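With the first letter of the sequence shown counted as 1, position 503 gets the number 511 in my numbering; the numbers rise by one all the way through. Each residue gets a CB set at the ideal place from its N, CA and C atoms; glycine is no exception. For clarity, every value in this text was computed on a predicted model and none was experimentally measured.
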Amino acid sequence: MIERMARAARRVWPGKAEGGGPSGTVEGEWVLIPVAAVVGVLAGLGAAGFEILIEWGRWVFYAWLPEVLGEGMGLAVGGVLLLAVPAVGGLAVGLLGAALGGRGAGHGIPNVIESLARHEGRLSVRGGVYKAGASALTIGSGGSAGVEGPILQIGSTLASVIGRGFRLGAAHANTVLGCGAAAATAAIFNAPIAGVMFVLEVVLRDFTLKTFIPIVLAAFFGTAVARAVAEETGPVFLVAAEMQAYEFSLAEVLPYGVLGLGCGVLGLAFVKTLRAAERGARRMPVAGWLRPALGGLGLGVLGLGFVWVFGSPVSGQAAPAFFGNGYPVIDALLQPGTYTPGGVGGMTLTVWALGAVLGCKLVGTCLTLASGGSGGVLAPSLFLGACLGGVLGMGLEATGWFPGMSPATYALAGMAGVLAAVAHCPLAALLLVFEITQDYKVILPMMLVTIAATFVSQGLSADSIYRAWLRDRGVKFGRYADASLLHQLRVGQVELVESPSVRGDDPAQVLLDLADSYPLEDFVVSDDAGRYVGMVVGQDVRTTLLEREAVPLLIVGELMRTGLPTVTRGEAMDKALDKFAHHAVTSLAVVDGEGKVVGLLTRAGLMARYQAALDAEA
């Protein structure tokens with residue numbers, strides 16, 4: 009079907025096959041427009057189907073199973089189920105992974121980035137199927153994880169398949185996968201702008217117009233299709249009418265600044281704890297397929313202890329607040345009326361109780377994901393931020409220092425802050441929280457909180473959660489796009505090669521003598537004042553060696569090339585690389601403001617400095 013759609017598109021947009029691509033691939037920019045539309049539609053359908061799959065998982069584990077075991081179950085039976093359900097879900101995840109040979113295992117977003125870095129954007133269908141099934145089992149059985157990582161990989165897998173169907177070359181792999189990732193993310197959150205920005209800021213790190221246009225188009229179609237299927241156009245989290253009356257005051261700069269700092273520390277603690285848990289899980293002397301079950305069992309024990317302490321009901325399988333993606337709890341924390349007795353699941357909400365929910369969510373997410381459960385970290389980050397903001401807001405409300413404030417506004421700002429700290433994506437975090445709540449009143453404090461949180465998190469650790477995972481796989485994941493990094497570096501930062509200067513009227517034999525004495529291929533020709541005149545490149549020297557009988561009759565000027573460009577110490581490295589690309593030479597002369605030669609810039613030296621910069625960023 010995809011191939012037939014591709015042939016139809018090529019008839020409508022005939023385009024052209026441009027040079028440089030493998031035989032049988034399409035390299036024209038025209039093809040990205042119909043491909044983006046197709047990817048967006050299918051990713052929107054995929055996101056809607058994925059949500060149905062997760063809801064089905066919840067129904068199986070928390071509705072059908074208790075009904076089968078009998079209504080009116082006692083506390084003991086309910087407690088056993090609460091303990092066992094996450095373990096059973098984890099066991100199912102492990103068996104599914106073993107049946108599919110481990111295809112698609114790992115975290116969704118790093119999987120997509122690695123495919124772009126190493127596999128020309130190719131993702132297997134089997135991996136996408138595993139990710140969908142494993143995530144439905146993990147989240148449906150109460151595993152503490154989010155939907156964004158899996159759905160991003162699912163959307164990218166659809167895009168990869170479609171790109172191959174349209175016979176697109178590797179040149180378009182980034183854009184096509186970006187279309188699938190953005191469309192699926194936008195559809196699952198009903199947030200098209202945030203979906204686009206998250207993919208550009210976190211996955212591709214590319215804001216060029218060529219990439220931006222198809223990705224926006226795909227996000228449009230993905231969101232529109234998902235809305236049509238679900239018949240819902242509202243935000244993911246409903247904000248109470250009281251929140252609409254909130255007005256930010258300058259006096260709250262300090263508490264929101266403190267919240268930003270706290271979000272940065274909490275985000276970093278989440279990343280470090282999850283990483284430590286993953287290292288511990290890998291050292292466990294058990295089979296890989298059994299680890300998700302053990303993680304689920306640990307989550308069940310944590311949930312049972314939480315219920316025992318705080319009295320949340322067990323009969324009827326009401327899961328603890330930190331199970332699953334936590335959306336109902338986030339929704340509750342954004343309502344000012346929540347911060348009263350019985351505000352969350354019948355639990356009397358206090359600073360200590362909300363702090364316990366926060367701690368259990370952090371530990372529960374680490375147990376779920378570190379053991380091999382399938383899910384993302386965005387939803388847990390939003391949950392942690394809402395809890396932290398709620399705790400701070402409740403404390404401030406008790407002081408009475410800020411009349412008219414509500415803990416719910418701090419919960420909202422905290423969501424953006426922890427997400428920005430975990431993923432190092434302040435802009436995407438700000439837009440995502442704004443779109444999923446559609447509350448403009450808190451946009452100013454959210455800006456302050458996200459910047460402060462990112463500053464703290466990056467200041468304490470250069471690694472976001474995604475960079476840390478990619479580092480484990482040996483994938484370079486710098487803070488800047490390659491072109492941006494090249495633009496920031498200067499030729500003066502590269503170690504130059506000293507080159508002996510020759511004159512145009514010197515005999516050619518001088519070049520042969522220098523070639524025996526210096527490990528150089530290219531030689532600079534200058535005038536009596538040391539100013540650049542031209543170069544004799546290694547290819548010409550080697551040609552001269554083949555005609556040794558003519559050497560006594562030649563002078564350097566007859567072998568010299570005068571059309572080669574020069575570079576300066578202050579010149580951006582991307583410009584120097586562009587000059588190398590247009591001239592088949594291994595060296596270029598570096599000159600000062602007066603045109604005098606100060607050394608040679610070699611292609612190898614430039615690339616070595618660039619690699620060192622990538623290593624420093626990674």
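Can you tell me the Cα-Cα spacing of GLN619 and GLU75, whole angstroms?
Rounded to the nearest whole angstrom, the CA to CA distance from GLN619 to GLU75 is 60 Å.
Tell me where the alpha helix (DSSP H) around GLY303 begins and ends.
Unbroken alpha helix (DSSP H) run through GLY303: 299-318.
Under 8 Å between the Cβ atoms of ARG511 and VAL598?
When the beta-carbon positions are compared, ARG511 and VAL598 stay at least 8 Å from each other.
When you compare the CB of PHE318 with every CB in chain B, is at least one pair closer than 8 Å?
The chain labelled as chain B is not found in the depicted structure, where only one protein chain is given.
Assuming LEU302 contacts SER382 (C-beta within less than 8 Å), just tell me the rounded distance between them.
At roughly 15 Å, the Cβ-Cβ gap does not stay under 8 Å, so LEU302 and SER382 are not in contact.
If I follow the unbroken beta strand (DSSP E) through TYR540, where does it start and stop?
Note, TYR540: beta strand (DSSP E), 540-544.
Is the segment 395-410 touching the segment 223-231, taking contact as three or more C-beta pairs under 8 Å?
In short, these stretches do not touch, since the Cβ pair count stays below three.
Tell me, please, which residues DSSP counts as bridged to GLY154.
Note: GLY154 sits in a beta bridge opposite GLY384.
Sort ALA364, SER534, PHE278 and GLY363 by Cα distance to ARG569 and report the nearest one.
Taking only the C-alpha atoms, the option nearest ARG569 is SER534.
Can the beta-carbon of VAL3 be found closer than 8 Å to that of ALA199?
Residue 3 lies beyond the stretch modelled for the chain, which goes from 9 to 626, so this question has no answer here.
Do three or more CB pairs link the segment 576-594 to the segment 498-509 at distances below 8 Å?
Segment contact: the segment 576-594 against the segment 498-509, three or more CB-CB distances shorter than 8 Å; contact assigned.
I need the straight-line Cα distance from LEU53 to ALA285, nearest angstrom please.
If I take the Cα positions, the gap works out to 35 Å.
Same chain, Cβ closer than 6 Å to TYR488, five either side skipped, listed in chain order:
Residue placement at TYR488 is poorly supported in this model, since its pLDDT is 49, which falls under 50; the coordinates are not used for a value here.
Segment contact flag, the segment 56-63 with the segment 94-109, C-beta cutoff 8 Å, min 3 pairs
Fewer than three beta-carbon pairs drawn from the segment 56-63 and the segment 94-109 are found closer than 8 Å, and the two stretches are therefore not classed as touching.
Given this structure, state the Cα-to-Cα distance separating VAL93 from ALA144, to the nearest angstrom.
Straight-line Cα distance between these residues: approximately 14 Å.
For GLU209, count neighbouring C-beta atoms within 10 Å of its own C-beta (all shown protein chains included) and say buried if the count is 16 or more, exposed if not.
By the 16-neighbour rule on beta-carbons within 10 angstroms, GLU209 is buried.
Between the Cα of ALA429 and the Cα atoms of SER149, PHE220 and GLY272, which residue gives the shortest distance?
Closest option to ALA429, judged by alpha-carbon separation, among SER149, PHE220 and GLY272: GLY272.
Inter-residue Cα distance where the pair is ALA537 and MET543
Rounded to whole angstroms, ALA537 to MET543 spans 16 Å at the Cα level.
Just to confirm my understanding: we take VAL120, look at its own chain, exclude 5 residues before and 5 after, and list those with CB closer than 8 Å. What are they?
Excluding sequence positions up to five before and after VAL120, its CB lies within less than 8 Å of the CB of LEU131, LEU160, GLN161, SER164, LEU185, ALA189 and VAL211, all in the same chain and listed in chain order.
ILE473 to TYR347, Cα distance in whole Å?
Spanning the two alpha carbons is a distance of roughly 32 Å.
Straight-line CA distance for SER123 to VAL224?
Spanning the two alpha carbons is a distance of roughly 22 Å.
Could you have a look at LYS139 and say whether DSSP puts it in helix, strand or coil?
The three-state reading of DSSP puts LYS139 in helix, counting H, G and I together.
Uninterrupted alpha helix (DSSP H) stretches inside the segment 208-238 (no shorter than 4 residues)
Within the segment 208-238, the runs of alpha helix (DSSP H) that reach at least 4 residues and sit entirely inside it are, in chain order, 217-238.
Apart from the five residues on each side of it in sequence, which residues of its chain come closer than 6 Å, Cβ to Cβ, to GLN341?
For clarity, residue 341 is Leu in the given sequence; the question names Gln instead. The residues ALA394, GLY398 and ALA419, in chain order, have a CB closer than 6 Å to that of LEU341 in the same chain once the five nearest residues on each side in sequence are set aside.
From ASP623 to GLU128, what does the alpha carbon distance come to, in whole angstroms?
ASP623 and GLU128: Cα-Cα distance of roughly 21 Å.
Tell me the residue span of the alpha helix (DSSP H) that contains THR183.
Annotation: the continuous alpha helix (DSSP H) that includes THR183 extends over 181-197.
Top-ranked residue by Cα proximity to PRO344, from LEU386, LEU276, THR417 and GLY311:
With distances taken between Cα atoms, PRO344 lies closest to THR417.
Three-state class that DSSP yields for THR610 in the structure shown
DSSP places THR610 in strand when its eight states are reduced to three.
Which term fits VAL279, buried or exposed, when burial requires 16 or more other beta carbons within 10 angstroms of its beta carbon?
VAL279 comes out buried.
Leaving aside the five residues before and after ALA616 along the sequence, list all residues of the same chain whose C-beta is less than 6 Å from its C-beta, in chain order.
Here ALA616 has no same chain residue with a Cβ atom under 6 Å from its own Cβ, once five neighbours each way along the sequence are excluded.
Can you find the residues in the same chain that come closer than 7 Å, C-beta to C-beta, to ASP339, ignoring five residues on each side of it along the sequence?
These residues qualify, in order along the chain: PHE245 and LEU246.
Can you tell me whether ARG287 is buried or exposed? The criterion is at least 16 other CB atoms within 10 Å of its CB, across all chains shown.
So ARG287 counts as exposed.
For ARG498, write down the residues that DSSP places opposite it in a beta bridge.
Beta-bridge analysis with DSSP links ARG498 to ALA580.
Anticipated Cβ contact below 8 Å, ASP530 with VAL545, distance rounded:
Rounded, the Cβ-Cβ distance is 5 Å, consistent with contact.
From this set, SER414, GLY384, ASN182 and GLY275, which residue's C-alpha is nearest LEU366's C-alpha?
Ranking SER414, GLY384, ASN182 and GLY275 by Cα distance to LEU366 puts GLY275 first.
Element boundaries [beta strand (DSSP E), containing PHE531]:
From DSSP, the beta strand (DSSP E) with PHE531 extends over 531-534.
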